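Okay, so the sequence shown: first residue is 8 according to this note's numbering, each after it adds one. Shown next, in structure tokens, is the structure this report addresses.
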Amino acid sequence: MNKLEFSDNFLWGGAVSANQCEGAYLKDGKKLNVSDVSKGLLNPPKMKWDGSKWQPDIENEVILNHDGVDFYHHYKEDLAFMAEMGFTAFRTSISWARIFPNGDESEPNEEGLQFYDNLFDEMIKLGIEPVVTLSHYETPLHLLIEYGGWLNRKMIDFWLNYVTVVFSRYKGKVKYWLTFNEINNLFKIPFAAGGVLDIQPKRTEIVNQDLTKADLYQAAHYIAVANARTVEKIREVDSKSQIGAMLSLSSLVTYPKTCDPKDVMAAMKFQHQQMLFLDLFCKGFYPGYVKREWKESGFTPIIEDGDMDLIRNYTVDFIAFSYYKSCVIKDGEVMRTDTGGAYGANNEYITTYSPEPWRWPVDPIGLRYLCNFLNDHYNLPLFIVENGIGLKESLDKNSVIEDDFRQKYVEEHLKQIKEAIADGCEVMGYLYWGPIDIISAGTGVIDKRYGFIYVDMDNDGKGTFKRYKKHHSFEWYKKVIQSNGKNI
Ligand code: BG6
Numbered sequence: 008m009n010k011l012e013f014s015d016n017f018l019w020g021g022a023v024s025a026n027q028c029e030g031a032y033l034k035d036g037k038k039l040n041v042s043d044v045s046k047g048l049l050n051p052p053k054m055k056w057d058g059s060k061w062q063p064d065i066e067n068e069v070i071l072n073h074d075g076v077d078f079y080h081h082y083k084e085d086l087a088f089m090a091e092m093g094f095t096a097f098r099t100s101i102s103w104a105r106i107f108p109n110g111d112e113s114e115p116n117e118e119g120l121q122f123y124d125n126l127f128d129e130m131i132k133l134g135i136e137p138v139v140t141l142s143h144y145e146t147p148l149h150l151l152i153e154y155g156g157w158l159n160r161k162m163i164d165f166w167l168n169y170v171t172v173v174f175s176r177y178k179g180k181v182k183y184w185l186t187f188n189e190i191n192n193l194f195k196i197p198f199a200a201g202g203v204l205d206i207q208p209k210r211t212e213i214v215n216q217d218l219t220k221a222d223l224y225q226a227a228h229y230i231a232v233a234n235a236r237t238v239e240k241i242r243e244v245d246s247k248s249q250i251g252a253m254l255s256l257s258s259l260v261t262y263p264k265t266c267d268p269k270d271v272m273a274a275m276k277f278q279h280q281q282m283l284f285l286d287l288f289c290k291g292f293y294p295g296y297v298k299r300e301w302k303e304s305g306f307t308p309i310i311e312d313g314d315m316d317l318i319r320n321y322t323v324d325f326i327a328f329s330y331y332k333s334c335v336i337k338d339g340e341v342m343r344t345d346t347g348g349a350y351g352a353n354n355e356y357i358t359t360y361s362p363e364p365w366r367w368p369v370d371p372i373g374l375r376y377l378c379n380f381l382n383d384h385y386n387l388p389l390f391i392v393e394n395g396i397g398l399k400e401s402l403d404k405n406s407v408i409e410d411d412f413r414q415k416y417v418e419e420h421l422k423q424i425k426e427a428i429a430d431g432c433e434v435m436g437y438l439y440w441g442p443i444d445i446i447s448a449g450t451g452v453i454d455k456r457y458g459f460i461y462v463d464m465d466n467d468g469k470g471t472f473k474r475y476k477k478h479h480s481f482e483w484y485k486k487v488i489q490s491n492g493k494n495i
């Protein structure tokens with residue numbers, strides 16, 4: 008019998024990433040990572056060519072991630088808010104460059120390891136299960152400058168060294184691991200999401216498009232091997248924990264503009280582009296449509312003996328994903344993308360949009376569709392580890408923020424998750440993105456606020472960093488969790 012309700016052990020909570028909230032970007036031994044040189048991941052990174060190498064070019068830049076919302080020093084206060092809301096899970100990432108500042112050292116940085124020990128201990132003390140992303144747009148910059156990042160097979164060993172250290176260190180504390188955040192974004196934001204850089208560039212500023220499709224498929228292959236070896240490693244180190252893939256799947260909810268078969272086929276092709284890593288990480292093979300692309304474009308990635316056996320034998324335990332909005336495609340139209348998904352044709356059936364300037368279409372039914380799609384294709388437990396809405400907000404004269412739009416957004420999406428569960432999908436949990444205001448990944452501003460908790464800072468990085476509960480969403484989400492979703 009299908010369940011009709013959220014299961015008793017459903018994980019309720021929220022999600023952030025280290026680079027968007029921690030700050031302390033050079034503290035206690037940490038060095039730069041890819042997000043530290045980006046003013047919004049959708050903009051070209053701040054790097055300059057010195058004649059022989061790329062160098063960070065950030066001296067005169069205000070990059071808000073550098074201080075984040077100072078979670079590094081406020082984490083106890085912030086987790087107390089999460090505990091007050093009743094969170095049973097909280098997702099964050101380990102900042103790889105805190106543990107291996109350059110990425111290619113053989114010994115880890117103890118101060119970095121200690122920070123995450125303290126953080127996970129605090130969560131466990133509060134009854135909050137850590138859900139940990141191994142890299143959320145956080146490849147150490149040195150690895151890109153020296154090796155070209157994931158264009159280089161050596162990365163597999165650097166990565167394995169890192170994951171072995173953190174798996175052993177946090178064994179027993181962390182039961183849910185995610186490998187690479189939104190790794191399918193490698194093809195749209197290669198520098199930050201893919202951790203790749205052309206170290207023999209044709210020009211002296213970074214234009215991601217200089218990398219060819221063949222380059223990106225090569226990086227994808229090394230990442231797939233690394234993913235499989237990570238699954239193999241966690242089984243060896245801590246067989247009680249589970250590991251999932253993490254994909255940006257808003258774009259799997261791509262509707263054809265009309266029932267013209269050409270539009271339908273265009274929608275399917277766009278969906279296929281999002282599915283490569285699902286097929287690799289969950290089923291362990293390269294799908295036919297990718298092989299066709301390689302053949303027609305005249306390239307094939309270098310695949311060493313044994314790679315495909317590893318990829319086939321070590322698939323993930325569950326699918327974690329982000330979903331923010333759906334999109335519509337018309338054959339022949341170019342799709343524009345951002346961190347939350349894709350923009351194509353207008354969907355005249357969607358009547359609710361988030362306010363300017365982001366105006367994201369709100370499509371909760373898209374989430375039910377997505378859960379069912381994943382269940383049909385992959386038959387694995389699903390973990391919604393990002394869903395939320397960014398709004399421009401400020402405190403009124405009584406220090407209050409009325410965020411009923413956010414409450415409604417979450418409520419409608421939760422109703423559709425319930426439907427998906429009734430349809431037979433196994434949903435492990437719902438982690439709202441981001442329960443406290445943090446720096447927006449795509450735009451690099453704090454102004455795009457997602458939180459149930461407001462942080463007093465502005466786009467110049469100025470403010471008291473004081474935290475305030477938002478009026479509607481905080482108490483409402485607390486009640487949802489208390490009732491295990493029965494009151495929605
Ligand atoms: C996801 C990322 O793409 O979307 C997050 O994993 C990001 O890091 C979130 O913050 C929302 O996007 P944005 O650009 O509004 O911060």
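Each residue gets a CB set at the ideal place from its N, CA and C atoms; glycine is no exception. As the structure is a computational prediction, the values presented were derived from the model and not from experiment.
Roughly how many angstroms separate the alpha carbons of GLU68 and ASN40, rounded to a whole number? If you number the sequence shown from 1, residue 68 lands on position 61. If you number the sequence shown from 1, residue 40 lands on position 33. Rounded to the nearest angstrom, the two C-alpha atoms are 16 Å apart.
Suppose you measure from the CA of GLU29 to the CA of ARG299; what does that come to, to the nearest Å? On the sequence shown, residue 29 is found 22 positions in, with the first residue counted as 1. On the sequence shown, residue 299 is found 292 positions in, with the first residue counted as 1. Taking the straight line from one Cα to the other gives about 43 Å.
Which residue marks the beginning of the alpha helix (DSSP H) containing LYS298, and which one marks its end? Walking along the sequence shown from the start, residue 298 turns up at place 291. Per DSSP, LYS298 belongs to the alpha helix (DSSP H) from 295 to 304.
Can you list, in chain order, the residues of its chain whose CB lies under 6 Å from that of VAL76, leaving out five sequence neighbours each side? The residue labelled residue 76 in the question sits at position 69 within the sequence shown. Result list for VAL76: CYS28, ILE445 and VAL462, in chain order.
Any chance the CB of SER100 is under 7 Å from a heavy atom of the ligand BG6? In the sequence shown, counting from the first residue as 1, residue 100 sits at position 93. No, the ligand BG6 has no heavy atom inside 7 Å of this Cβ.
Closest to PHE459 by CA distance: which of LYS477, LYS415 and THR471 is it? For this step, residue 459 is matched to residue 452 along the sequence shown. Considering only alpha carbons, the answer is LYS477.
Once the 5 residues before and after TRP56 are set aside, which same chain residues still bring their CB inside 7 Å of it? In the sequence shown, the residue the question calls residue 56 occupies position 49. Answer for TRP56: PRO208 and THR211, listed in chain order.
TYR356 classed as buried or exposed, judged by whether at least 16 other C-beta atoms fall within 10 angstroms: For this step, residue 356 is matched to residue 349 along the sequence shown. Result: exposed.
Answer with buried or exposed for PRO442, where buried requires no fewer than 16 other C-beta atoms within 10 angstroms of its C-beta. If you number the sequence shown from 1, residue 442 lands on position 435. Under a 10 Å Cβ-count criterion, PRO442 is classified as buried, with 16 or more other Cβ atoms of the shown protein chains found around its own Cβ.
Which full runs of the alpha helix (DSSP H) of 4+ residues lie inside the segment 94 to 179, going along the chain? 103 to 106, 117 to 132, 148 to 154 and 161 to 176
In terms of alpha-carbon separation, which member of ALA96, LEU18, MET162 and ILE106 lies closest to LEU33? Position 26 of the sequence shown, counting from 1, holds the residue named residue 33. Comparing Cα-Cα distances from LEU33 to each of ALA96, LEU18, MET162 and ILE106, the minimum goes to ILE106.
Is ASN466 close to the ligand BG6? I mean its beta-carbon at under 7 Å from any heavy atom of the ligand. The count along the sequence shown starts at 1 and reaches residue 466 at position 459. No.
Segment limits, alpha helix (DSSP H) that includes ALA427: Sequence index remark: in the sequence shown, residue 427 carries index 420 (1-based). Counting along the chain, the alpha helix (DSSP H) containing ALA427 begins and ends at 411 to 430.
Measure from the alpha carbon of GLY23 to the alpha carbon of each residue in VAL487, LYS178, LYS37 and LEU438, then state which is nearest. Within the sequence shown, the letter at position 16 stands for residue 23. Reading off the sequence, residue 23 comes out as Val, not Gly. Looking at the Cα atoms, LEU438 is the closest of the given residues.
Taking three-plus beta-carbon pairs below 8 Å as touching, is the segment 417 to 433 in contact with the segment 466 to 475? no
By the three-class DSSP mapping on this structure, what secondary structure does THR61 have? Residue mapping note: residue 61 aligns to position 54 of the sequence shown, counting from 1. It is worth fixing the name first, because residue 61 is Trp in this sequence and not Thr. In the structure shown, TRP61 sits in a strand (DSSP, three-state: E or B).
Pick out the complete beta strand (DSSP E) segments inside the segment 181 to 248, 3 residues or longer, and give them in chain order. 183 to 187
Hey, would you say the C-beta of ASN188 is under 7 Å away from at least one heavy atom of the ligand BG6? Working through the sequence shown from its first residue, we reach residue 188 at position 181. Checking the Cβ of ASN188 against the ligand BG6 gives yes.
Three-state secondary structure (DSSP) at GLY1? There is no way to answer for residue 1, as the model of the chain reaches only from 8 to 495.
Verify the contact flag: ALA448, CB atom, against every heavy atom of the ligand BG6, threshold strictly below 7 Å. One-based indexing of the sequence shown puts residue 448 at position 441. Yes, the ligand BG6 has a heavy atom inside 7 Å of this Cβ.
With a cut-off of 8 Å, do at least 3 Cβ pairs link the segment 50 to 64 to the segment 119 to 128? Using a Cβ-Cβ distance cut-off of 8 Å, the segment 50 to 64 and the segment 119 to 128 are not in contact, since fewer than three pairs of beta carbons, one from each stretch, lie closer than that value.
What does the alpha-carbon distance come out to for the pair GLY202 and SER447? Residue numbering aside, residue 202 sits at position 195 when the sequence shown is read from its first letter. Residue numbering aside, residue 447 sits at position 440 when the sequence shown is read from its first letter. Spanning the two alpha carbons is a distance of roughly 19 Å.
Does the beta carbon of GLU393 fall short of 7 Å from some heavy atom of the ligand FMN? For the ligand FMN, the structure offers nothing, since it holds only the ligand BG6.
Just grab the DSSP bridge partners of MET253 for me. Position 246 of the sequence shown, counted from the first residue, corresponds to residue 253. BP columns for MET253 point to ALA327.
Buried or exposed (CB count within 10 angstroms, at least 16 for buried), LEU402: As a first step, residue 402 is located in the sequence shown; it is residue number 395 there, counting from the start. Flag for LEU402 reads exposed.
Terminal residues of the continuous beta strand (DSSP E) containing PRO263? For this step, residue 263 is matched to residue 256 along the sequence shown. Taken as a continuous stretch (DSSP letters only), the beta strand (DSSP E) holding PRO263 covers 261 to 263.
In chain order, what residues of the same chain lie with their CB nearer than 7 Å to the CB of GLN423, ignoring the 5 residues before and after it? Looking up residue 423 in the sequence shown gives position 416. Answer for GLN423: PRO371, ILE372, LEU374 and ARG375, listed in chain order.
Identify which residue in LYS269, ILE196 and ASP64 has its Cα closest to the Cα of HIS143. Here residue 143 corresponds to residue number 136 of the sequence shown, with the count starting at 1. It is ILE196 whose Cα lies nearest to the Cα of HIS143.
GLY458, enclosing beta strand (DSSP E) - first and last residue: By 1-based counting over the sequence shown, the position of residue 458 is 451. That residue, GLY458, is in no beta strand (DSSP E); it is neither H nor E in DSSP.
Stretch pair the segment 74 to 91 + the segment 137 to 156: three plus CB contacts closer than 8 Å: These segments do not touch.
Burial state of ASP454 (16 or more Cβ within 10 Å): What you label residue 454 is simply residue 447 of the sequence shown in a count that begins at 1. Burial call: buried.
What's the C-alpha gap between ASN168 and ALA235? What you label residue 168 is simply residue 161 of the sequence shown in a count that begins at 1. What you label residue 235 is simply residue 228 of the sequence shown in a count that begins at 1. Roughly 14 Å between the two C-alpha positions.
Among all the DSSP beta bridges, which residues are the ones paired with ILE443? Locating residue 443 in the sequence shown gives position 436, counting from the first residue. ILE443 pairs with ILE460.
With a cut-off of 8 Å on the beta carbons, I'd call GLN225 and LEU259 a contact; round off their distance for me. Mapped onto the sequence shown, residue 225 falls at position 218. Mapped onto the sequence shown, residue 259 falls at position 252. Going by Cβ atoms, the distance from GLN225 to LEU259 rounds to 24 Å, so no, they are not a contact pair.
Once you ignore the five residues that flank TRP157 on each side, which residues in its own chain have a CB closer than 7 Å to its CB? Within the sequence shown, numbered from 1, the residue matching residue 157 stands at position 150. Answer for TRP157: GLY201, GLY202, VAL203, ALA226, TYR229 and ILE230, listed in chain order.
Beta-carbon spacing of LYS332, LYS264 below 8 Å: Sequence index remark: in the sequence shown, residue 332 carries index 325 (1-based). Sequence index remark: in the sequence shown, residue 264 carries index 257 (1-based). Taking 8 Å as the Cβ cut-off, LYS332 and LYS264 do not qualify as a contacting pair.
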